[in-house]
Amino acid sequence: MQDKEVINTLQNQLNYSEKNISDIKIFIDELLKANKKHNFISKNTEKVIWYRHILDSAQLVKFIDFSKGSLSDLGTGAGFPGLILALFSKNKDFHVKLYEKSPVKRAFLKNISDRLALKIEVRGDVYEHFIDTDYIVSRAFKKLEAIIQVSREIAKKSHKLIILKGQNAQEDLKKAFNKDKYDYKLENSITNEESKIIIVDFKK
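Residues 0 to 203 (numbering that gives the first Met the number 0) are what the sequence shown spells out, left to right.
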């Protein structure tokens, strides 16, 4: 999929605005500059960044109610998916927290969120905090079992866990839910027919 096709999908299927697209372009420019010094994303994916990283992250807007509440992104890296979701939100009262261990990545995230005037809080290691949130999202954090553990032990209230997973999603779910059973559903990814989006409802 070409960049123009991705932008068309973002606007027509996911309701990203012209302003959102403009902000994403600024973000991409800054990310590619930073990537020359730091390995924020694989060099192999730079030419397909719109498809591989932006659209892959943006598709999660379909499963989030931005009219109220908050979202936490575990292991956000360069801002995927959390920053791309924060860009989309029109609600100033919808809070987004990005958790990232790397000080270099945190500095980048703070700079870009200030430049784009995004309401984002950038935090360090997720294990150093209790999470009070309505949605937990994750794209490349840890194994599913570890993410489930965070949701059970660190999140303080009922929430939805939304995870982008590769072709082993079903197998990972079996391992993660070997002892405890939770309500979940699998959604198809629009960027990879073998990938899935796992959505789990955690009740406290």
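C-beta atoms are modelled at their ideal positions from N, C-alpha and C, and glycine is treated no differently.
Kindly indicate which residue of the options has the alpha-carbon position closest to the one of residue i.
i, options, result
"N19", "Y98, A116 and K36", "A116"
"E4", "R51, K32 and K35", "R51"
"F93", "S101, L82 and E99", "L82"
"Y98", "G78, F62, A85 and K91", "G78"
"Y134", "L13, L9, D28 and P80", "P80"
Determine the DSSP secondary structure at residue i, reduced to helix, strand or coil.
i, result
"A145", "helix"
"D55", "helix"
"S150", "helix"
"E127", "helix"
"K96", "strand"
For residue i, count neighbouring Cβ atoms within 10 angstroms of its own Cβ and tell me buried if that reaches 16, exposed if not.
i, result
"A57", "buried"
"V149", "buried"
"L31", "exposed"
"I25", "exposed"
"F140", "buried"
"K35", "exposed"
Could you check where the beta strand (DSSP E) with residue i kicks off and where it finishes?
i, result
"F201", "K195 to F201"
"I162", "H158 to K164"
"I137", "At residue 137 the sequence reads Ser, which differs from the Ile that was named. Looking at the DSSP string, the run of the beta strand (DSSP E) that includes S137 is Y134 to S137."
What are the boundary residues of the alpha helix (DSSP H) that residue i is part of?
i, result
"K109", "P102 to R114"
"D72", "Not the alpha helix (DSSP H): D72 falls in the beta strand (DSSP E), residues S69 to L73."
"L31", "E17 to N34"
"E186", "No alpha helix (DSSP H) contains E186, which is instead part of the beta strand (DSSP E) from D182 to N187."
"E4", "D2 to N11"
"I83", "G81 to F87"
Determine contact between the region 120 to 137 and the region 62 to 71, defined as no fewer than three beta-carbon pairs at a distance below 8 Å.
With the cut-off at 8 Å, the region 120 to 137 and the region 62 to 71 touch.
Quick check: the region 195 to 203 against the region 159 to 167, are there 3 or more CB pairs under 8 Å?
Contact between the region 195 to 203 and the region 159 to 167 is present, because at least three Cβ pairs lie under 8 Å.
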